[in-house]
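One structure below.
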Amino acid sequence: MTAVARVDTAAFARNVERLVARAAPSEVMLAVKADAYGHGMLDLAPVALAAGASSLAVLEISAALALRSAGIPNRLFAWLHGADSDFASAIEADIDLGVSSGRELQAITAAAAQLGRPARVHLKIDTGLRRNGALPEDWPALVTAAASAAAASRVVIEGIWSHLADASVEDDLAAIGVFETALAQAAALGVVPPLRHLAASSAGWREPRARYDVVRFGIAAYGVSPFDDLTAADMGLEAVMTLRTTVAPDAAPDGQCWIAAGYADGVPLAAHGASVLIDGRRCAVDRVEVDRTLVAIADPVDEGSPVIVFGDPTTGAPTAAEWAGWASTIGDEIITGAGARARREVV
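Numbering (the working numbering), first residue to last: 2 to 348.
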């Protein structure tokens with residue numbers, strides 16, 4: 002058996018419902034970027050919408066186009082653009098586009114002019130994260146240019162938005178202040194769009210002042226906490242992905258066994274103190290190779306015995322958050338990495 006990443010759509014739906022209730026009356030834009038963090042974007046997008054999310058967010062236009070081609074009628078938001086981004090196709094498919102600079106705005110309006118229909122845009126102010134967005138000193142110029150493009154029917158300004166760094170409560174409050182200033186400046190220039198969005202999973206859960214009209218929930222929907230001091234279970238959220246495999250037939254030294262999953266299947270290579278669940282018992286990880294992992298065992302185990310690398314903590318299995326701690330990374334990387342080669346099984 003090769004590694005299997007089992008995706009529980011019912012658990013995902015319950016998580017989304019929980020987050021929708023938490024954010025109310027703000028709407029929820031559910032992030033399905035990076036192929037829904039390795040869970041399968043096309044499988045989970047309709048589940049998110051049925052569970053109460055009003056719109057979906059991705060990074061690339063190509064992902065948004067795939068969702069539209071799959072029949073998703075809701076608002077789709079894409080914000081990470083390169084020199085070769087296909088703005089014309091995005092405009093034709095009614096995809097909302099994040100705009101971080103005058104250069105991006107010019108490229109988008111050129112495509113709109115060529116098509117003879119306006120683009121739907123959300124203007125981004127950098128509130129301190131430095132993950133694209135117009136710097137505060139460049140913000141008035143971007144808003145002015147967007148207003149002119151709107152007057153010429155080249156764009157429809159749907160929103161103003163940003164990302165929070167989520168470094169601390171104080172940093173987030175300072176960023177909210179920058180965002181409020183940007184909103185006031187835009188209003189003074191005649192731009193008051195219907196949507197304002199700033200918070201993702203962390204601030205969306207803890208900071209009502211950051212919720213505005215829309216909260217872009219991401220990692221929390223997949224059952225991974227964005228906090229160091231609060232587990233997913235504390236938040237009432239469930240693990241959506243379980244990475245499973247079996248005990249391999251490979252010969253191993255006494256007191257050890259091989260399992261049929263390695264770092265190519267999403268088992269982190271550098272994870273100190275890690276363990277997996279074999280036949281209901283936690284067993285320490287000794288060494289991770291490309292397609293297998295050596296594990297310490299107290300008693301002999303049979304070839305083919307079930308192994309859970311991470312998943313539902315009620316089974317006794319490690320969580321993705323535990324693996325993130327062992328590997329000195331974040332839960333996002335753990336679950337996204339598992340979706341790369343492991344066979345995905347949607348249940």
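All residues carry an ideal CB built from backbone N, CA and C; glycine is no exception.
Treat the numbers as computed from the prediction; the structure is a model and nothing was measured.
For Pro-307, the enclosing beta strand (DSSP E) begins and ends at 307-311.
DSSP places Leu-77 in the uninterrupted beta strand (DSSP E) bounded by 76-79. For Leu-174 against Ala-200, the beta-carbon gap comes to about 12 Å, at or over 8 Å, which does not count as contact. In the three-state scheme derived from DSSP, where H, G and I count as helix and E and B as strand, Ser-27 is classed as coil. When C-alpha distances from Ala-49 are compared across Glu-334, Ala-12, Asp-95, the shortest belongs to Ala-12. Considering only Thr-315, Phe-228, Ala-299, Val-216, the residue with the shortest C-alpha distance to Pro-254 is Ala-299. If you draw a straight line from the Cα of Ala-151 to the Cα of Gly-191, it is about 11 Å long. Exposed is the label assigned to Glu-346, since fewer than 16 other Cβ atoms lie within 10 Å of its Cβ.
Our two residues, Arg-342 and Val-8, have alpha carbons roughly 14 Å apart in a direct line.
A straight line joining the alpha-carbon of Ala-176 with that of Glu-138 spans about 15 Å.
Of the other Cβ atoms in all chains shown, fewer than 16 fall within 10 Å of the Cβ of Gly-237; this residue is therefore exposed. Short of 6 Å from the beta carbon of Gly-99, and not among the five residues preceding or following it, lie these beta carbons of its own chain, in chain order: Trp-80, His-123, Lys-125.
In the structure shown, Asp-95 falls within a coil segment according to DSSP collapsed to helix, strand and coil. A straight-line Cα-Cα distance of about 12 Å links Ala-112 and Ser-154. The residue among Glu-105, Arg-293, Pro-250 with its C-alpha nearest the C-alpha of Pro-301 is Pro-250. Ala-142 has its alpha-carbon roughly 25 Å from the corresponding atom of Leu-116. Taking the Cα positions, Gly-72 is about 17 Å away from Gly-53.
By the Cβ-count criterion, Ala-240 is buried, with 16 or more other Cβ atoms from all chains shown falling within 10 Å of its own Cβ.
If you compare the alpha carbons of Ala-35, Glu-105, Ile-260, Ala-265 with that of Asp-303, the shortest gap goes to Ile-260. Linking Ala-233 to Ser-149 through their CA atoms gives a straight-line distance of about 45 Å.
The C-beta of Arg-23 has 16 or more other C-beta atoms within 10 Å across all chains shown, which makes the residue buried.
Partner residues in the beta bridge of Thr-243, as assigned by DSSP, are Arg-7.
Cβ atoms of Arg-245 and Val-5 come within 8 Å of each other, at about 5 Å. Per DSSP, reduced to three states, the secondary structure at Ser-276 is strand. A direct Cα-Cα distance of roughly 22 Å separates Ala-146 from Glu-93. By the criterion of a C-beta distance shorter than 6 Å, Leu-60 is surrounded in its chain by Lys-34, Leu-81, once the five residues flanking it on both sides are discounted.
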